[in-house]
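In my numbering, the protein residues as written are 34 to 181.
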């Protein structure tokens, strides 16, 4: 993602992804269709996160910081594959604190710090982890950050 010359994260607009919030801190989940964006969002919601947007996320700057919110008409809806569209309480928006890229699987036990440029800001980036602890670990990351 960070190696791309131009990315949909370079300018304000609507992008393909899902987003949840833990308090004011938002998580943007990116990946190709069918990669598990909504599934990860549902897992995070089961652990206490609140839906911001599913399938499409509006990305803008608010007070100079990347902001996530639902585009008009889709707030409070999330797709559960093989169940349909589900209603959910939704946050009005959240400050972007972390990006998860589901298109790449993490192979390092202790991965290096990664960042992705979002609207001119360096945002921490993590890759997909094939483990039951992934959703709780992401929530802990949002709560307290990462140790050196």
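For each residue, glycine too, the CB sits at the ideal point set by N, CA and C.
- For residue 130 against residue 59, the beta-carbon gap comes to about 6 Å, under 8 Å, which counts as contact.
- For secondary structure counted as the beta strand (DSSP E) over 3 or more consecutive residues, the stretch 93-142 holds these complete runs in sequence order: 98-102, 110-113, 117-120, 127-138.
- Excluding sequence positions up to five before and after residue 86, its CB lies within less than 6 Å of the CB of 52, 103, all in the same chain and listed in chain order.
- Taking the Cα of residue 126 as reference, the smallest distance to any Cα among 177, 120, 91 is reached at 91.
- If the five residues before and after residue 119 are omitted, its C-beta is found closer than 6 Å to the C-beta atoms of 111, 113, all from its own chain and listed in chain order.
- Per DSSP, residue 66 has no beta-bridge partner at all.
- A buried status is given to residue 70, since no fewer than 16 other beta-carbon atoms sit within 10 Å of its beta-carbon.
- Where residue 177 is concerned, the enclosing alpha helix (DSSP H) starts and stops at 167-177.
- Residue 175 and residue 55 have their C-alpha atoms spaced approximately 7 Å apart.
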